[in-house]
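Going by our numbering, the letters in the sequence shown line up with residues 2 to 394, in that order.
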Amino acid sequence: MSTKDFVEKDYYKVLGVPKDATDAEIKKAYRKLAREFHPDANKGDYKAEERFKEISEANDILGDSKKRKEYDEARALFGNGGFRAGPGGAGGNFNFDLGDLFGGAQGGGQGGGAGGFGGGLGDVFGGLFNRGGTGTRVQPRRGQDIETEVTLSFTEAVDGATVPLRMSSQAPCKACSGTGDKNGTPRVCPTCLGTGQVSRGTGGGFSLTDPCVDCKGRGLIAQDPCDVCKGSGRAKSSRTMQVRIPAGVSDGQRIRLRGKGGPGERGGPAGDLYVVVHVDAHPVFGRRGDNLTVTVPVDFTEAALGGEVKVPTLGGPPVTLKLPAGTPNGRTMRARGKGAVRKDGTRGDLLVTVEVTVPTGLSDAARDALEAYRKATAGQDPRAELFQAAKGA
């Protein structure tokens with residue numbers, strides 16, 4: 002029987018007694034109904050048989066003062082499947098599914114019924130009413146998360162790379178096979194009953210769960226502690242693994258690799274590995290998102306008259322860009338598909354910024370040519386608009 006069914010069933014109604022009925026009244030009602038619907042008195046009557054099971058189930062709960070108290074508290078807290086805000090609280094029932102709340106925990110089945118509070122019911126109500134679970138099954142434990150760093154070259158970050166990483170983490174102790182005990186026979190922690198967690202009350206029928214301080218959350222306590230791990234069952238372990246860094250990773254990016262962290266205990270899943278990536282600078286190229294950047298010097302005549310310029314690419318042949326006549330210093334052009342790799346496998350662009358260079362040494366012929374150019378453009382003032390704008394401001 003599910004926990005949801007347990008809370009929603011009205012056992013008082015099943016036995017036909019009021020909620021404040023005494024133990025004697027409950028016992029009397031049960032005996033009367035049991036005689037009436039007993040299978041021996043109703044051979045072949047399926048409905049009578051089911052009714053008898055329902056009556057027995059109700060008596061298992063209400064006939065036991067401890068279970069009856071827990072049942073009454075659960076009913077008061079959760080009502081008939083809807084969470085109550087409390088006596089006089091605003092909002093009435095919030096109508097969420099108890100099956101979701103309790104995670105579909107199962108009771109002891111038809112034989113034990115809810116009366117046994119076995120399995121899921123014992124754990125759930127034990128947590129609610131501040132007693133801890135009733136089972137002694139030691140729980141699996143997830144491995145620890147590990148964080149490490151790696152430094153890539155600019156090209157490796159753009160194209161992706163497989164790098165070796167040496168990591169240290171906590172792993173099952175080899176000396177005691179992860180038991181923490183020299184003889185491999187640890188005992189279940191009596192404080193948390195093997196769950197690794199203890200509950201503490203916060204009032205209002207609720208409780209919070211914390212790791213058990215006695216067993217450090219393991220659920221086990223070594224009777225004869227291992228000399229290597231001192232009873233913890235864990236020891237430091239180093240290993241080297243090959244990790245694939247995806248193409249297009251950026252400087253400072255933190256990559257999560259699921260299940261590549263520390264190993265779990267008792268069948269628990271491994272933790273995760275977090276890799277923080279550092280990228281070395283490149284002497285020529287820069288990065289802007291999925292695009293690469295490069296600054297290309299051009300001389301005065303190329304910028305003024307136009308032409309074609311060759312531009313280097315990262316790891317590939319150069320591309321030729323057409324430079325329009327009158328290109329100013331700082332103009333950016335785009336070489337499509339020559340940038341960094343995107344997540345979908347396509348590439349960004351290469352952004353080419355033009356830098357007009359000024360010659361530092363001139364031959365006599367070059368000087369004469371520039372003097373002639375200055376005379377030919379003597380009437381043009383490149384700063385005229387600047388002064389005009391300054392006056393109007």
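C-beta atoms are modelled at their ideal positions from N, C-alpha and C, and glycine is treated no differently.
In this text, all values refer to a predicted model and were calculated from it rather than measured experimentally.
Here glutamine 224 carries a coil assignment [DSSP, helix/strand/coil]. If only complete runs of 4 or more residues are kept, the region 148-181 shows the alpha helix (DSSP H) at 155-160, in order along the chain.
Remark: three or more beta-carbon pairs, one from each stretch, lie closer than 8 Å, so the region 55-66 and the region 27-40 are flagged as touching. Checking the DSSP bridge columns, you'll see glycine 308 partnered with Leu324. An exposed status is given to valine 285, since fewer than 16 other beta-carbon atoms sit within 10 Å of its beta-carbon. One Cα belongs to cysteine 174, the other to lysine 237, and the distance between them is close to 8 Å. CA-to-CA, the gap between threonine 354 and serine 169 works out to about 45 Å. Around the Cβ of lysine 10, a 10 Å sphere holds 16 or more other Cβ atoms; the residue is buried. In this chain, the alpha helix (DSSP H) harbouring asparagine 60 covers 47-63. About 5 Å separates the CB atoms of leucine 324 and valine 310; that is less than 8 Å, so the two are in contact. Counting along the chain, lysine 237 sits inside the beta strand (DSSP E) bounded by residues 235-246. Contact between cysteine 190 and cysteine 216 holds: their C-beta atoms lie close to 4 Å from each other, under 8 Å. Assignment of beta-bridge partners to alanine 336 by DSSP yields Leu351. In this structure, the beta-carbon distance from valine 151 to valine 164 falls below 8 Å. Looking at the DSSP output, glutamate 26 sits in no beta bridge, so it has no partner there. Here DSSP, grouped into helix, strand and coil, assigns serine 66 to helix.
In this structure, the alpha-carbon of leucine 258 lies about 5 Å from that of leucine 274.
Leucine 258: member of the beta strand (DSSP E) spanning 255-258, first to last residue. If the five residues before and after methionine 242 are omitted, its C-beta is found closer than 8 Å to the C-beta atoms of Pro165, Leu166, Met168 and Lys261, all from its own chain and listed in chain order. Following the DSSP letters along the chain, one finds leucine 293 in no alpha helix (DSSP H) but inside the beta strand (DSSP E) bounded by residues 292-299.
Annotated three-state conformation of threonine 210 is strand, per DSSP. Going by C-alpha positions, glycine 197 is about 16 Å away from glutamine 145.
8 Å or more divides the Cβ of alanine 248 from the Cβ of valine 312. Comparing C-alpha distances from valine 320 to each of Arg337, Gln224, Asp228 and Val276 shows the shortest one belongs to Arg337.
Glycine 181 places its beta carbon 8 Å or farther from that of proline 141. For arginine 219, no pairing in a beta bridge is given by DSSP. Under a 10 Å Cβ-count criterion, glycine 393 is classified as exposed, with fewer than 16 other Cβ atoms of the shown protein chains found around its own Cβ. Where leucine 387 is concerned, there is no enclosing beta strand (DSSP E), although the alpha helix (DSSP H) around it starts and stops at 385-393. Closest in C-alpha terms to lysine 14, from the list Arg143, Glu266 and Glu55, comes Glu55. Per DSSP, the unbroken alpha helix (DSSP H) holding arginine 368 starts and ends at 365-377.
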